[in-house]
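> I'd like to ask you about the structure that follows.
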Amino acid sequence: MSNLFDSDSPTNLAEYSVSELSGSIKRTVETAFDQVRVRGEISGYRGPHSSGHAYFALKDDRARIDAVIWKGTFSRLKFRPEEGMEVIATGKVTTFPGSSKYQIVIETLEPAGAGALMALIEERKRKLSAEGLFDAARKKRLPFMPRVIGVVTSPTGAVIRDILHRISDRFPVHVLVWPVRVQGEGSGEEVANAIRGFNALEPAGVIPRPDVLIVARGGGSLEDLWSFNDEIVVRAAAESRIPLISAVGHETDWTLIDYAADVRAPTPTGAAEMAVPVKAELDAQAAALAARLQGCMNRQMDQRRQSVRALMRALPSLDQLLALPRRRFDEAAAGLGRGLALNTINKRRGFERVAAHLRPDVLSNRIAERRQLLSDRMARAERTVERLLDRSKSRIDRAEAVLASLPARFKTQTDRSREALANLSRHGDTAIRHQLARARAELSAQDRVLQSLSYKNVLKRGYAVIRDEDDRPVSQAASLSAGTGISIEFADGRVGAMTTDGGAPPVGTKKRGVKSAEPPKQGSLF
Numbered sequence: 002m003s004n005l006f007d008s009d010s011p012t013n014l015a016e017y018s019v020s021e022l023s024g025s026i027k028r029t030v031e032t033a034f035d036q037v038r039v040r041g042e043i044s045g046y047r048g049p050h051s052s053g054h055a056y057f058a059l060k061d062d063r064a065r066i067d068a069v070i071w072k073g074t075f076s077r078l079k080f081r082p083e084e085g086m087e088v089i090a091t092g093k094v095t096t097f098p099g100s101s102k103y104q105i106v107i108e109t110l111e112p113a114g115a116g117a118l119m120a121l122i123e124e125r126k127r128k129l130s131a132e133g134l135f136d137a138a139r140k141k142r143l144p145f146m147p148r149v150i151g152v153v154t155s156p157t158g159a160v161i162r163d164i165l166h167r168i169s170d171r172f173p174v175h176v177l178v179w180p181v182r183v184q185g186e187g188s189g190e191e192v193a194n195a196i197r198g199f200n201a202l203e204p205a206g207v208i209p210r211p212d213v214l215i216v217a218r219g220g221g222s223l224e225d226l227w228s229f230n231d232e233i234v235v236r237a238a239a240e241s242r243i244p245l246i247s248a249v250g251h252e253t254d255w256t257l258i259d260y261a262a263d264v265r266a267p268t269p270t271g272a273a274e275m276a277v278p279v280k281a282e283l284d285a286q287a288a289a290l291a292a293r294l295q296g297c298m299n300r301q302m303d304q305r306r307q308s309v310r311a312l313m314r315a316l317p318s319l320d321q322l323l324a325l326p327r328r329r330f331d332e333a334a335a336g337l338g339r340g341l342a343l344n345t346i347n348k349r350r351g352f353e354r355v356a357a358h359l360r361p362d363v364l365s366n367r368i369a370e371r372r373q374l375l376s377d378r379m380a381r382a383e384r385t386v387e388r389l390l391d392r393s394k395s396r397i398d399r400a401e402a403v404l405a406s407l408p409a410r411f412k413t414q415t416d417r418s419r420e421a422l423a424n425l426s427r428h429g430d431t432a433i434r435h436q437l438a439r440a441r442a443e444l445s446a447q448d449r450v451l452q453s454l455s456y457k458n459v460l461k462r463g464y465a466v467i468r469d470e471d472d473r474p475v476s477q478a479a480s481l482s483a484g485t486g487i488s489i490e491f492a493d494g495r496v497g498a499m500t501t502d503g504g505a506p507p508v509g510t511k512k513r514g515v516k517s518a519e520p521p522k523q524g525s526l527f
């Protein structure tokens, strides 16, 4: 206050700095409204901030005041605030000097009943739910790999860019955008007409019918999202024969279209992720399945090969099959010789003992009998040996036949496996060619749509684009003044020009090379 009576000051009013004035106002407001009790409807509530504080507003039909609940107070609340809820807040009014705003710092919060808008939404929700529009049995499953996706949203916001960017990153497909207003008077009718318009398209028409629809809008207050609570929008979503994804607002925002839609997405980007899979993951999965198939075939071949080898090892060799019969034959042959020798000796001894008592004729008869008996025994022994040899030979022949049939069986099974592998390879090549053909066709269709939407085609029909000195398009003559430099873009290039006053060009300003304005005479048609 030292400058109050300064001779250089033209007035006796005290001078304050901006900080001093803002601080004085803050102290005055906090002193006058240090404890107030306010009743109003919560608006713009998005839950606690990352810092733990909660920022929103309290409003009625004529006014609005910003509100804040600090982290410590928020943790002690008996209930959590909700959008549209009418509450009674107790706290103090303060200012924020950094932006010249005032707000109420809430210390206690009590529910006072739902607001008018929330009550209307609840009543409409009960009505539509009673009609069965929200039943889970009505909801349709989303296609796994759609070819065409229809998007109902504003064409100028960040939502459509986020959706197109996410679809392009995950699995590029044909996207049809139906531009609508997502806020304001008549926006609900536009959204409903867009949903019904997509459903009216023919599957094989000039404009393909989408396989899935996305109705999207960015976040906002309850009033901003009110169009998506309209009954006409909810009924259009419930009647849609095309699976519909609702992506209105943020994760905490709920509208009636979310209940009627087949799937609700927390954000527009999340809706794009639900609509299409990740192409790279599908390629990786296909490659993994192909690798598993190849590994399975290799393991199967190895197992069959080991089984054949095990069977071959289990079969006895030719030497093992003949070893026992050979041993028996050798033992029988060795025993036969020794038995004959011993028998001869014994008979000779008996002959010598009785030789003295035998007459020549009796001796001759006995010798003949013995010779006959010996011949019979030799014949039986020879037949026995022959039977043993025949049996051994039969076993050897059967073993050789079994061994000879094994390579043929193994060869037949190997040929079948190779033929199956060749068929799988041909099917894989055919599938890859078909996939490439479809991708080329889709790329060509998108290029034709891009060319048809380009303003260059309009310039070729005789139109021109006029740009100002900042190279911005000019749509009205009133935005230009006389003597302003402009550029005119034609189909084959640009030219510069200077604006003049309105009206016809002055006489004598005909450009060089420009003919008279007299209309040409029509010649003979024959």
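All residue numbers for the sequence shown refer to this note's numbering, where the first residue is 2 and numbers rise by one.
Positions of the beta carbon are idealized from the N, C-alpha and C atoms, including for glycine.
Here the structure is a predicted model, which is why all the values come from computation and not from measurement.
Checking 9 angstroms against the spacing of the C-beta atoms, do Ala446 and His175 come in under that value?
Contact: yes.
> When the Cα of His54 is compared with those of Gly45, Trp71 and Asp231, which residue comes out closest?
The shortest C-alpha separation from His54 is found at Trp71.
> Among Ala442, Arg329 and Arg305, whose alpha-carbon lies nearest the alpha-carbon of Gln414?
For Gln414, the nearest C-alpha among the options comes from Arg305.
> Compute the Euclidean distance between the alpha carbons of Ser482 and Tyr456, then round it to the nearest angstrom.
Roughly 26 angstroms separates the two Cα atoms.
> Identify every run of the beta strand (DSSP E) within the region 75-114, keeping only runs that are complete inside it and at least 3 residues long; order them along the chain.
Whole beta strand (DSSP E) segments, 3+ residues: 86-97.
> Judging by CA-CA distance, which residue of Arg125, Glu123 and Glu83 is the nearest neighbour of Thr253?
Closest option to Thr253, Cα to Cα, is Glu83.
> Just verifying my parser: in three-state terms, what is the DSSP assignment at Tyr464?
Of the three classes helix, strand and coil, the one that applies to Tyr464 here is coil, per DSSP.
> For Arg47 and Ile89, which I take to be in contact (beta-carbon distance under 8 angstroms), what is that distance rounded to the nearest angstrom?
Actually they are not in contact, since the Cβ atoms of Arg47 and Ile89 sit about 21 angstroms apart, beyond 8 angstroms.
> Could you tell me whether any Cβ in chain C is nearer than 9 angstroms to the Cβ of Gly158?
Protein chains in the displayed structure number just one, and chain C is not present.
> Flag this pair as touching only if the region 414-429 and the region 288-306 have three or more C-beta atom pairs under 8 angstroms; answer yes or no.
Touching, per the Cβ criterion.
> How is Ile246 classed by DSSP in three states: helix, strand or coil?
Three-state DSSP puts Ile246 in a strand.
> State the Cα-Cα distance for the pair Leu202 and Val94, rounded to the nearest angstrom.
Near 57 angstroms, if we compare the C-alpha coordinates of Val94 and Leu202.
> Go ahead and label Asn230 buried or exposed: buried means 16 or more other beta carbons lie within 10 angstroms of its beta carbon, across all protein chains shown.
When all chains shown are included, Asn230 counts as buried.
> With distances taken Cα to Cα, identify the nearest neighbour of Glu353 among Leu341, Gly340, Arg339 and Ile368.
When each option's Cα is compared against that of Glu353, the closest is Ile368.
> Relative to the C-alpha of Val249, which candidate in Ala239, Arg236 and Asp225 has its C-alpha closest?
Selected option, being the one with the closest Cα: Asp225.
> When burial is assigned at 16 or more other CB atoms within 10 Å of the CB, is Pro211 buried or exposed?
When all chains shown are included, Pro211 counts as buried.
> Taking only the alpha-carbon atoms, compute the straight-line gap between Gly486 and Ile467 and give it to the nearest angstrom.
Going by the C-alpha atoms only, they are around 11 angstroms apart.
> Could you check whether Trp179 and Val152 sit closer than 9 angstroms to each other, using their CB atoms as the reference points?
Yes; because the gap between Cβ atoms is below 9 angstroms, this pair is in contact.
> Between Lys140 and Asp263, how many whole angstroms is the CB-CB distance? I'm expecting something under 8 angstroms.
Between Asp263 and Lys140 the Cβ distance is about 4 angstroms, and since that is below 8 angstroms, they are a contact.
> My output table needs one value for Thr253: the three-state DSSP class, helix, strand or coil.
Looking at Thr253 - three-state DSSP - the assignment turns out to be coil, as it is neither helix nor strand.
> Could you say which of Pro49, Thr32, Thr74 and Ile105 lies nearest to Asp67 if we only look at CA atoms?
When each option's Cα is compared against that of Asp67, the closest is Ile105.
> Less than 6 angstroms between C-beta atoms, sequence neighbours within five positions excluded: which residues of the same chain meet that for Arg384?
Cβ neighbours of Arg384 beyond the five flanking positions: none.
> Put Ile368 into one of helix, strand or coil per three-state DSSP.
Looking at Ile368 - three-state DSSP - the assignment turns out to be helix.
> Assess contact between the region 189-198 and the region 166-175, defined as three or more Cβ pairs (one per stretch) separated by less than 8 angstroms. Is contact present?
Too few Cβ pairs lie closer than 8 angstroms, so no.
> Under DSSP, the alpha helix (DSSP H) around Met146 begins and ends at which residues?
No alpha helix (DSSP H) holds Met146; DSSP gives it neither H nor E.
> May I ask you to report which of helix, strand or coil DSSP gives Asp331?
Helix.
> Using a Cβ-Cβ cut-off of 8 angstroms (strictly less than) and excluding sequence neighbours within five positions of Phe527, which residues of its own chain qualify?
With a pLDDT of 38 at Phe527, under the threshold of 50, the predicted position of this residue should be treated as unreliable, though the coordinate-derived value follows. Counting only Cβ-Cβ distances below 8 angstroms, and skipping sequence neighbours, we find nothing.
> Considering only C-alpha positions, which residue in the set His251, Pro147, Ser247 and Ser393 is nearest to Pro204?
Closest option to Pro204, Cα to Cα, is Pro147.
> Report the residue from Pro244, Trp227 and Met275 whose alpha carbon sits nearest the alpha carbon of Thr256.
Of the listed residues, the one whose Cα sits closest to Thr256 is Trp227.
> Run through the DSSP bridge pairs and tell me what Glu42 is partnered with.
Lys60 and Glu87.
> Taking 9 angstroms as the cut-off, decide whether the C-beta atoms of Leu312 and Ala400 are in contact.
No.
> In terms of DSSP beta bridges, what is Ser488 paired with?
Bridge partners of Ser488: Arg468 and Gly497.
> Distance check for Leu22 and Glu490, CA to CA, integer angstroms please.
In a straight line, the C-alpha of Glu490 is about 56 angstroms away from that of Leu22.
> Could you name the residues that DSSP lists as bridge partners for Leu177?
Answer by DSSP bridge pairing, in chain order: Gly151.
> Could you spell out where the alpha helix (DSSP H) holding Leu214 opens and where it closes?
Run containing Leu214: none in the alpha helix (DSSP H); it sits in the beta strand (DSSP E), Val213 to Arg218.
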